[in-house]
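Enquirer: So the number in the numbering used here is just where the residue sits in the sequence shown, counting from 1, plus 1025. Think of the CB as a built atom: it goes at the ideal place given N, C-alpha and C, for glycine as much as any other residue. Small disclaimer: the values here were computed from a predicted structure and weren't measured. Below is a structure I'd like to ask you about.
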Amino acid sequence: MAPKPNRTATRDRDLSQPLAKLDPNETLKARSRFLRGTIENSLADPVTGSISEDDAKLVKFHGMYMQDDRDVREERHRQKLEPDYQFMVRVRLPGGVLDAPQWLALDGIAREYGRGSLRLTTRQTFQIHGVMKPNLRATLQRLDAILLDTIAACGDDCRGVMCSVNPALSELHREVYALANRASAHMRPKSGAYREIWLGEECIAGGDPDLNEEPFYGPTYLPRKFKIGFAIPPINDIDVYTQDLGFIAIADGETLQGFNVCVGGGMGRTDRVPRTYPRLADVIGFVTPDQVLDLSRQVISIQRDYGDRVDRNRARFKYTLDVHGIPWFCSELETRLGFALSPARAFRFDTNNDSFGWQRGSDGRWHLTVFIENGRVTNQRDCQLLDALRGIALEHGVQFRLTPNQNLVVSGVEARAREDINALLTLHHVDFDSKQSALRRSSMACVAFPTCGLAMAESERYLPAFLTKFEALLRDHGLDTQAISVRMTGCPNGCARPYVAEIGLTGRAPGKYNLYMGGGAHGQRLNVLHTENIAEAKIFEILRPLVARYARERSPGEPFGDFVQRIGVLRSAASHDVSVN
Ligand code: SRM
Ligand code: SF4
1026 MAPKPNRTAT RDRDLSQPLA KLDPNETLKA RSRFLRGTIE NSLADPVTGS
1076 ISEDDAKLVK FHGMYMQDDR DVREERHRQK LEPDYQFMVR VRLPGGVLDA
1126 PQWLALDGIA REYGRGSLRL TTRQTFQIHG VMKPNLRATL QRLDAILLDT
1176 IAACGDDCRG VMCSVNPALS ELHREVYALA NRASAHMRPK SGAYREIWLG
1226 EECIAGGDPD LNEEPFYGPT YLPRKFKIGF AIPPINDIDV YTQDLGFIAI
1276 ADGETLQGFN VCVGGGMGRT DRVPRTYPRL ADVIGFVTPD QVLDLSRQVI
1326 SIQRDYGDRV DRNRARFKYT LDVHGIPWFC SELETRLGFA LSPARAFRFD
1376 TNNDSFGWQR GSDGRWHLTV FIENGRVTNQ RDCQLLDALR GIALEHGVQF
1426 RLTPNQNLVV SGVEARARED INALLTLHHV DFDSKQSALR RSSMACVAFP
1476 TCGLAMAESE RYLPAFLTKF EALLRDHGLD TQAISVRMTG CPNGCARPYV
1526 AEIGLTGRAP GKYNLYMGGG AHGQRLNVLH TENIAEAKIF EILRPLVARY
1576 ARERSPGEPF GDFVQRIGVL RSAASHDVSV N
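This is how it looks when you write it as structure tokens:
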């Protein structure tokens, strides 16, 4: 029997009825007057640096999270002070592309309101941490002045759209990036709440449910976040199989023919909730470029209508697909689209990492990919990255591109400007030649402490030291130049996509991690849990003999993840490469 849509949660729903069985977030959204809630009142309250619990959920749709500095939480509690409330603001930046004036404005915001730090994320955008409540409006207004916003950077909607960076393929990148940009605009919520609350624009619809401001989403938006990404082979930098909806560009040279479509990827799992799990996307067919926007809308409409709105732990699209099955989904999609997808076409990925240093694009311009450890852009005593990039933006009319691996491309540089840029970086002690090891350059950590409210263990602040020890181990076995992807997160949510890494470490408690191994070197295979809840000493006790065996027994060119999978040291052999249906 065909499944019934969750009609109570769609735009047809009668708003006067209680949403008894639904997750409380559904009631909150429905009653929020299209995301307005009581945010204005919360902002006006001078007594606290926080906003109300409900408003804290609603501001996610406006691109920000209420947080507190967890390093001082206990001390403040002892002193009977409220937590050090502050906000993380996430920019909507499809494909991670921005120009020099936009960079300068972000730099200014970071210095004035963001404690001198910009954080490049695993989805190619900026997070500004530490923004105090009274500075939120000014921050968003300054973004608006450079034509940026934070709409739907978080929340139950279509989030930041990703796009492979691939500097060498200038024309193809331009075309695919333009589509990523259009997909982001196409799926952006239409509520006027953002412009009223943050930019002071006049209230027109005012959240009147009869004047439906969200013709697509309706008053309850999506059951959960939804993520889209565009990959350009041979580089799977966006980890296309981890996206809810992924597009793999199929091109003849630099002529775009269309995209293979993948559905149902996702990383998040919840500790001790086995009905949650990471899942890689299924490749279901091929569409032409002009079909991409309609396809995106229809895929998301199925998730809007059938996604689980009772159990939020199971509300992601991957579970909707597992509950109803891929054949049902494909048939529902074709009915809504009015056409069938063509069979998927052949493609090949080689890596999901970035290529560092200078590269010449097919349009003759130059692009410099700079390694940014865990995406953190600040000024430190030994490296003034924020100043260096500000200098480049001031003196050169370049573009910047953020990579899905938290790195940065200084893009579109004329040949004669290269030396100047090298000199500026050297002056500020920025390692643009990537003297860092291949191991470090292939690794990522999520933010975790002190800002992430969900962190159980350190990540960004611990991975550098962990890698120094791992580098020594590799050196002992003559593997100094070996790239192995190590991805660390402070909890099982998977923000650094750890479940497709060759080695994944996900936080369980302070100093304790789950160790996963055997992921594919270009993101095509999930890794497998090796040992739970272990500290650094135990992790290295496990890695030491494995690295020694890898040095002795690996086949030529065999990635570490493949080797570990092949020699059968993993508890389960359930993981397999993504196949094309
Ligand atoms: Fe994430 C929640 C940071 C990419 C899965 N993520 C969070 C929050 C907002 C914590 C919270 O809810 O209170 C983190 C803020 C920390 C801080 O202080 O900044 C956070 N996620 C990040 C970033 C900044 C990690 C990074 O170091 O770069 C990434 C921002 C991306 C962006 O620009 O939009 C980030 N998060 C991801 C990814 C990777 C991706 O999308 O490619 C994932 C896994 C893919 C997926 O969605 O399945 C991811 N984040 C989650 C989840 C688990 C979702 C789930 O399905 O269970 C949560 C928790 C939640 O949503 O309840 C979460
Ligand atoms: Fe926070 Fe967990 Fe995401 Fe890390 S993986 S940023 S600890 S939610």
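Mind checking whether the beta-carbon of Gly1586 lies closer than 8 Å to any heavy atom of ligand 1?
Expert: Looking up residue 1586 in the sequence shown gives position 561. Because no heavy atom of ligand 1 lies under 8 Å away, the Cβ of Gly1586 does not count as near it: no.
Enquirer: Check Glu1238 in the structure and name its three-state DSSP category.
Expert: Position 213 of the sequence shown holds residue 1238. In the structure shown, Glu1238 sits in coil (DSSP, three-state: anything other than H, G, I, E or B).
Enquirer: Could you give the distance in angstroms between the alpha-carbon of Ala1480 and the alpha-carbon of Arg1058?
Expert: In the sequence shown, the residue the question calls residue 1480 occupies position 455. In the sequence shown, the residue the question calls residue 1058 occupies position 33. Taking the straight line from one Cα to the other gives about 32 Å.
Enquirer: What does DSSP give as the partner residues of Leu1143 in its beta bridges?
Expert: Numbered from its first residue, the sequence shown carries residue 1143 at position 118. According to DSSP, which records beta bridges pairwise, Leu1143 is partnered with Val1402.
Enquirer: For the region 1402–1460, list the alpha helix (DSSP H) runs that are entirely contained and at least 4 residues long, ordered along the chain.
Expert: Listed in chain order, they are 1410–1420, 1443–1452.
Enquirer: For Ala1081, which of Gly1062, Arg1401, Val1072, Leu1305 has the nearest alpha-carbon?
Expert: Along the sequence shown, one-based indexing puts residue 1081 at 56. Nearest of Gly1062, Arg1401, Val1072, Leu1305 to Ala1081, Cα basis: Gly1062.
Enquirer: Given Leu1504, which residues of its chain have a CB within under 8 Å of its CB, disregarding the five upstream and five downstream residues?
Expert: For this step, residue 1504 is matched to residue 479 along the sequence shown. Answer for Leu1504: Val1572, Tyr1575, Ala1576, listed in chain order.
Enquirer: Using 9 Å as the threshold, is the C-beta distance between Phe1342 and Ala1256 below it?
Expert: In the sequence shown, the residue the question calls residue 1342 occupies position 317. In the sequence shown, the residue the question calls residue 1256 occupies position 231. No. Outside cutoff.
Enquirer: Quick check on the burial criterion: 16 or more other C-beta atoms within 10 angstroms. Buried or exposed for Ile1559?
Expert: As a position in the sequence shown, residue 1559 is number 534, starting the count at 1. Buried, by the Cβ-count rule.
Enquirer: Going along the chain, which residues of its own chain have a beta-carbon closer than 6 Å to the beta-carbon of Met1212, five neighbours each way excluded?
Expert: If you number the sequence shown from 1, residue 1212 lands on position 187. Excluding residues within five positions, the ones whose Cβ falls inside 6 Å are Cys1183.
Enquirer: Just checking Met1481 against ligand 1 - is the residue's beta carbon closer than 8 Å to any of the ligand's heavy atoms?
Expert: Counted from its first residue, the sequence shown places residue 1481 at position 456. False, no ligand heavy atom lies under 8 Å from that Cβ.
Enquirer: For Pro1489, count neighbouring C-beta atoms within 10 Å of its own C-beta (all shown protein chains included) and say buried if the count is 16 or more, exposed if not.
Expert: Stepping through the sequence shown from its first residue, residue 1489 is reached at position 464. With fewer than 16 Cβ atoms within 10 Å of its Cβ, Pro1489 is classed as exposed.
Enquirer: Taking 8 Å as the cut-off, does the region 1414–1429 touch the region 1121–1141 (at least 3 CB pairs, one atom from each stretch)?
Expert: A contact exists between the region 1121–1141 and the region 1414–1429.
Enquirer: Return the chain-ordered list of same chain residues with a C-beta closer than 7 Å to the C-beta of Ala1208, the five sequence neighbours on each side being excluded.
Expert: Counting from one through the sequence shown, the residue named residue 1208 turns up at place 183. Excluding positions up to five away in sequence, the list reads Val1186, Ile1253, Val1317, Leu1318, Ser1321.
Enquirer: Say the cut is 8 Å; is the CB of Ala1490 nearer than that to a heavy atom of ligand 2?
Expert: Numbered from 1 along the sequence shown, position 465 holds the residue referred to as residue 1490. No; taking the cut-off as 8 Å, the Cβ of Ala1490 has no heavy atom of ligand 2 nearer than that.
Enquirer: With DSSP as the reference, label Gly1586 as helix, strand or coil.
Expert: The sequence position of residue 1586 within the sequence shown is 561, counting from 1. Gly1586 falls in the helix class under three-state DSSP.
Enquirer: In angstroms, rounded to a whole number, what distance separates the CA positions of Met1513 and Arg1522?
Expert: Mapped onto the sequence shown, residue 1513 falls at position 488. Mapped onto the sequence shown, residue 1522 falls at position 497. Answer to the nearest angstrom: the Cα atoms are 9 Å apart.
Enquirer: Which stretch, first to last residue, makes up the beta strand (DSSP E) that contains Cys1355?
Expert: Locating residue 1355 in the sequence shown gives position 330, where the first residue counts as 1. Per DSSP, Cys1355 belongs to no beta strand (DSSP E); it is in the alpha helix (DSSP H), 1351–1362.
Enquirer: Going along the chain, which residues of its own chain have a beta-carbon closer than 7 Å to the beta-carbon of Gly1416, five neighbours each way excluded?
Expert: In the sequence shown, the residue the question calls residue 1416 occupies position 391. Closer than 7 Å at the Cβ level, and outside the excluded window around Gly1416, lie Leu1449.
Enquirer: Fully enclosed by the region 1103–1134, which alpha helix (DSSP H) runs are 4 residues long or longer?
Expert: Qualifying alpha helix (DSSP H) stretches: none in this window.
Enquirer: Can you find a heavy atom of ligand 1 that lies under 8 Å from the Cβ of Asp1093?
Expert: Along the sequence shown, read from residue 1 onward, the residue named residue 1093 stands at position 68. No, ligand 1 has no heavy atom inside 8 Å of this Cβ.
Enquirer: DSSP on Arg1574, reduced to helix/strand/coil?
Expert: By one-based count along the sequence shown, residue 1574 stands at place 549. Arg1574: helix per DSSP, three-state reduction.
Enquirer: Going by DSSP, what residues sit across from Gln1152 in a beta bridge?
Expert: As a first step, residue 1152 is located in the sequence shown; it is residue number 127 there, counting from the start. Gln1152 pairs with Arg1115, Arg1144.
Enquirer: Determine the burial state of Cys1228: buried for a count of at least 16 other Cβ atoms within 10 Å of its Cβ, exposed for fewer.
Expert: Within the sequence shown, the letter at position 203 stands for residue 1228. By the 10 Å Cβ count, Cys1228 comes out exposed.
Enquirer: For the alpha helix (DSSP H) containing Gln1549, name the first residue and the last one.
Expert: Reading the sequence shown from its first residue, position 524 is the one you call residue 1549. Looking at the DSSP string, Gln1549 is not in any alpha helix (DSSP H), and its letter there is neither H nor E.
Enquirer: DSSP three-state label for Asn1539, please.
Expert: Mapped onto the sequence shown, residue 1539 falls at position 514. The answer is strand: DSSP assigns Asn1539 an E or B state.
Enquirer: Taking the Cβ atom as the reference point for each residue, do Asn1432 and Gly1386 lie within a distance shorter than 9 Å?
Expert: If you number the sequence shown from 1, residue 1432 lands on position 407. If you number the sequence shown from 1, residue 1386 lands on position 361. Contact: no.
Enquirer: Closest to Arg1162 by C-alpha separation, out of Leu1270, Ile1064, Arg1144, would be which residue?
Expert: Along the sequence shown, read from residue 1 onward, the residue named residue 1162 stands at position 137. Of Leu1270, Ile1064, Arg1144, the residue nearest in Cα terms is Ile1064.
Enquirer: What does DSSP give as the partner residue(s) for Tyr1090 in the beta ladder?
Expert: For the purposes of this step, residue 1090 is taken as residue 65 along the sequence shown, with counting starting at 1. For Tyr1090, which the question treats as bridged, DSSP gives the partners Met1113.
Enquirer: May I ask you to report which of helix, strand or coil DSSP gives Ser1468?
Expert: Translated into the one-based positions of the sequence shown, residue 1468 becomes position 443. Ser1468 falls in the coil class under three-state DSSP.
Enquirer: Return helix, strand or coil for Arg1304, following the three-state DSSP convention.
Expert: Within the sequence shown, the letter at position 279 stands for residue 1304. In the structure shown, Arg1304 sits in a strand (DSSP, three-state: E or B).
Enquirer: Is Ser1041 helix, strand or coil when you go by DSSP?
Expert: Within the sequence shown, the letter at position 16 stands for residue 1041. Its pLDDT being 44, under 50, Ser1041 is placed unreliably by the model, and the measurement read from it follows with that caveat. Looking at Ser1041 - three-state DSSP - the assignment turns out to be coil, as it is neither helix nor strand.
Enquirer: Beta-carbon separation of Thr1175 and Tyr1138 under 9 Å?
Expert: Counting from 1 along the sequence shown, the entry for residue 1175 is found at position 150. Counting from 1 along the sequence shown, the entry for residue 1138 is found at position 113. No. Outside cutoff.
Enquirer: Work out the CA separation of Pro1108 and Gly1478 for me, nearest whole Å.
Expert: By one-based count along the sequence shown, residue 1478 stands at place 453. By one-based count along the sequence shown, residue 1108 stands at place 83. If you take the alpha carbons of Gly1478 and Pro1108, they lie about 12 Å apart.
Enquirer: State the DSSP-derived secondary structure class of Leu1053, mapped to helix, strand or coil.
Expert: By one-based count along the sequence shown, residue 1053 stands at place 28. Correct three-state label for Leu1053: helix.
Enquirer: Quick one: grab the DSSP three-state call for Ser1387.
Expert: Residue mapping note: residue 1387 aligns to position 362 of the sequence shown, counting from 1. If DSSP states are grouped into helix, strand and coil, Ser1387 belongs with coil.
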